[in-house]
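Take the sequence shown: its position 20, counted from the start at 1, is 20 in UniProt numbering, and no numbers get skipped.
Even for Gly, the Cβ is constructed at its ideal location relative to N, Cα and C.
Written out below as structure tokens is the structure these notes cover.
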Amino acid sequence: MLLDGLSPSFSQKNNEDQVRSFIRQLLLALKCLHDKKIAHLDLRPEVLLLRDDRLLLADFGQSRRLHKGKIIANITGSPEFVSPEIAAGIPVTLASDMWSIGALTYVLLSGISPFLGDNDQETVRNVLLGNYSLGRKELADVSDLAKTFISQLLTVNIRNRMTVDDALLHPWISAPCSSVTSVTPSLTPDAVKEFKYRHKWLVRFLSGNCYLDEQQKLVDRRGGR
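Here it is, written out as structure tokens:
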């Protein structure tokens with residue numbers, strides 16, 4: 001798993017280059033899928049593996065091919081990484097994967113989840129509303145370019161969300177790394193234990209009922225406007 005391969009020096013305040021290297025490799029893997037009109041639809045830390053200095057994308061159980069530009073299927077997943085479209089139970093596109101890239105980038109740069117609530121329902125509500133902040137203290141040392149990259153992915157309107165090609169051309173991704181050129185596959189057991197304890201999404205998944213409940217609440221709210 002990706003978290004088991006982070007370098008010992010990885011922390012909330014450094015290794016932005018290392019994270020950028022991870023995300024660049026992930027985008028290149030995702031481009032191979034998107035060029036074939038296939039969406040992964042389950043991007044999360046558990047499906048990202050490290051082999052030496054190479055990032056590998058795994059677990060294609062929820063992958064779907066687009067039909068007439070959209071995917072109509074019952075998709076579930078980890079609440080903190082699914083797109084608003086998946087959370088709302090509406091047809092999805094390749095853009096759903098790009099939202100997940102934004103959430104993953106946020107987590108790797110800050111050590112915290114952008115949408116985590118006190119329970120699954122609150123987490124899904126945050127996702128549906130795009131309720132997150134780039135002003136958290138954990139992101140204080142993160143570059144403006146990285147924050148712009150995240151914000152152009154974590155946008156509820158899919159028309160405004162970057163495609164995989166857009167993301168690969170983004171200055172934060174295309175810029176050369178300043179110091180980190182490879183990945184050292186060793187994170188201390190204590191650090192892994194602490195990270196897993198802090199982020200409940202590593203051991204739990206959202207039930208379909210939670211999606212449906214939050215979807216109905218959102219529909220009710222919009223209907224009342």
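Taking residue i and residue j to be in contact with their CB atoms under 8 Å, please state how far apart those CB atoms are, rounded to whole angstroms.
i: L104; j: E16; result: No, L104 and E16 are not in contact; Cβ-Cβ is about 14 Å, not under 8 Å.
i: R24; j: I173; result: 5 Å
i: P79; j: L128; result: About 10 Å separates the two Cβ atoms, so there is no contact after all.
If you run the structure through DSSP and keep just helix, strand and coil, what is residue i?
i: H199; result: Confidence in H199 is poor, its pLDDT being 48 and thus under 50, which makes the residue's placement too unreliable to answer from.
i: L55; result: strand
i: L43; result: coil
i: G135; result: coil
i: V92; result: strand
i: I112; result: coil
i: K70; result: strand
i: R64; result: strand
i: L27; result: helix
i: L153; result: coil
i: S179; result: Here the model assigns S179 a pLDDT of 41, short of 50, so the residue's position is not dependable, and the following value carries that caveat. S179 falls in the coil class under three-state DSSP.
Using only the alpha-carbon positions, how far apart do residue i and residue j sit?
i: E138; j: K37; result: 36 Å
i: D165; j: K31; result: 7 Å
i: I86; j: R65; result: 15 Å
i: P171; j: Q121; result: 35 Å
i: M162; j: D59; result: 23 Å
i: L134; j: D35; result: 31 Å
i: V107; j: S113; result: 5 Å
i: T123; j: R136; result: 17 Å
i: N131; j: S63; result: 26 Å
i: R20; j: R51; result: 17 Å
i: V142; j: K70; result: 35 Å
i: N126; j: S151; result: 15 Å
i: A140; j: L33; result: 34 Å
i: E46; j: L26; result: 13 Å
With distances taken from CA atoms, which of the options is nearest residue i?
i: Q18; options: K31, R54, L41, L129; result: R54
i: A146; options: N160, A167, T123, L128; result: A167
i: G61; options: F81, D42, A140; result: D42
i: G77; options: D35, D141, A88, Y132; result: A88
i: V92; options: L33, L26, Y106, H67; result: H67
i: F22; options: L48, I150, R161, S133; result: L48
i: F81; options: G111, A58, F115, D59; result: F115
i: L28; options: T123, S113, L57; result: L57
i: A39; options: N160, L94, S83, S151; result: L94
Practice problem: Would you check if there are 3 or more beta carbon pairs closer than 8 Å linking the region 151-170 to the region 93-101? | Solution: Yes: at least three Cβ pairs fall under 8 Å.
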